[in-house]
Every structure is written in structure tokens, then in C-alpha cells.
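Residue numbers (the working numbering): 456 to 752.
Beta carbons are placed, not taken as given, at the ideal position from N, Cα and C, and that holds for glycine.
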Ligand code: DLZ
């Protein structure tokens, strides 16, 4: 499975490193996982999409780093503010271009926040060109806090769901200290624990198994559990991933806990990560001062 593209660009000097970090933060880029080691340090920025292009002949790109945006003029205004603050009026005017038309039906401007690091920002003329326009969450769990509420009833299954969920969270960058596992007796108890946990984390992952053949009042329990989890999500505004299996028998449950039909715990973890990311994007990019540059539907 190919997951993403990372381009590591040497800043050259500590000053350029600081300028680039400051510039990309000021534009509202989502921070990624950087590093701080003896021999090097790195600051990382995420975008909703990556796109690696190789050009044959004369490259149409105005710079090696091309950032596709919506609301190009708003982005340019933020870039100009930052440039003036960092370099003064005169240098800002020299290092920041006007918006111009490209020959590929787009508009762009270039900016050089640090010497030797030109960056081009561009926007399609036709907003529907290129790809579906949508606000979407990413699958990086770095810096997110989770509660996993797991029922002990049918532990042979729920333990597997828990392993799947933890696997998904850690492999996506969640820190162990940011994941709290809360065990409850059965599925019936999940909503209350989820509701309490929701106040302390960015997302709650609920895991349980209801077996129709073995559960008295199966429908009633299932309805109440799903209603309670949904209600907690609505009332708290914190994403609650639903990983409560409802199966006819143990075999069916095992299949969904990692045997034949994937691991629903892992899937719930992915849904939780995506919803937190989406929540942050929608919050962080709410149109404050017209500087919204996420892909708007
Ligand atoms: C009682 C019960 C039954 C019959 N079946 C299940 C089940 O299939 N899955 C599950 O998670 N829990 C079950 N429980 C336990 C209830 O959820 C609850 O923990 C107890 O009724 C105590 O309140």
C-alpha cells in the first residue's frame, strides 16, 4: 500500500530553516511529525493531497515546490503580510510576485520566504478542474488523543478488536501516552464510559460485540447502545467511532475481528483519526478574514 510522498528539502542555514517554518505555519499548514536529533532537525507540514510529477522538456512549474490552493488572493495577502513583517516592504516587494495567468489555465504567484527557496502557489481557473473538491480528513494521528472504550463481554473477540484499534492508532502516529484504554463489563456500559471519556480526548473509539444467538433482548440492547454512543457524539461534538459488532454467531464475529473480513477495530480507529483531522481542518480553516484555503465543496 502506498501511503504518501515526503520530500525532504535541506534549508541550508538555521536562519532559512526558521523562516521557512514560520512562513508555512503562518499560512495555516497542518504540522506533521518533525524531528530533533543530534545531527539534524526537521519541521514538517502536511497537505490533504500529495502529487509527484516528473516533467520532460521545459517544466511548466514556476518553482520546485508548487502548492495548489483555493482562494489564491487570500493566500497571497497572508504571504505578503508575513513577508513585510519578516523582510520589510522593499524586500517583500522583490521576493513576492504578483498573481499572473499561466498557460495551463491557472493563476499563480511566487514567493521566496528564505533566500534560495522559491515557492509557487497556484489555483485552477476552473475550480472543478483536477480533482473532486472536498474537505477531507487525513490519516495521521500524530498529536491526537484517543479513548478506546472496550467491552469485556465476548473478550475473545473484543481483545482482537482492541489490538486492531491500537495497531491502527500507533501505526498512524499516535503516541502511546495519548491513548487511553477503558474497559467496561459489556456493550451496555459503553455509552456512559464513552460520554465520560469524551471530555478528555479528541476522539472516542467504541468496541464491543453483541451476539444475536446469545443475547437476550438483543434488539433492545443494540438499539440503546448505538443510540447512546450517537447521542454522546452529538452532545459532546467529539467523534465517536462505532466498533460495536452485531453478529449472528461467534464465527461471524471472529471473521470481523481479523480473520476473514478485516478488523473492525482497526477500521474504527481509522475513522476516528480521519474525523479528528477533518474537525481540525474545518475549525482551523473557518473563514476568518477570508483566509480559507481548504478545498471547499
Ligand atoms: C447480558 C449481556 C448479554 C446477554 N449479551 C451481551 C453481549 O452479547 N455483548 C455484550 O457486550 N454484553 C452482553 N451482555 C452484558 C451487558 O452488555 C451488560 O454488561 C450487563 O447486562 C450488565 O449491565
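- In the three-state reduction of the DSSP assignment, residue 655 falls in the coil class.
- Boundaries of the beta strand (DSSP E) around residue 566: 561-566.
- Spatial neighbours of residue 617 in its own chain (CB-CB distance under 8 angstroms, excluding positions within 5 residues in sequence) are listed in chain order as 603, 605, 636, 662, 720.
- Cα atoms of residue 615 and residue 622: separation of roughly 10 angstroms, rounded to the nearest angstrom.
- With a cutoff of 8 angstroms on beta-carbon distance, residue 527 and residue 578 are scored as near each other.
- In this chain, residue 482 is not harboured by any beta strand (DSSP E), its DSSP state being neither H nor E.
- Residue 676 and residue 666 do not touch by the CB rule: their CB atoms are close to 11 angstroms apart, not below 8 angstroms.
- Linking residue 728 to residue 658 through their CA atoms gives a straight-line distance of about 8 angstroms.
- Looking at the backbone, the Cα of residue 703 and that of residue 690 are separated by about 31 angstroms.
- The stretch 534-549 makes contact with the stretch 561-570; the number of CB pairs closer than 8 angstroms reaches 3 or more.
- Distance between residue 459 and residue 594, taken at the CA atoms: about 10 angstroms.
- Between residue 580 and residue 626, the alpha-carbon positions lie close to 38 angstroms from each other.
- For the ligand DLZ, the residues with a Cβ under 7 angstroms from any of its heavy atoms are, in chain order, 606, 608, 609, 640, 641, 642, 643, 644, 663, 664, 665, 666, 669, 670, 671, 676.
- Unbroken alpha helix (DSSP H) runs of no fewer than 4 residues, entirely contained in the stretch 686-728, are found at 705-711, following chain order.
- Apart from sequence neighbours up to five positions away, the residues of its chain that approach residue 701 with a beta-carbon distance below 6 angstroms are 665, 677, ordered along the chain.
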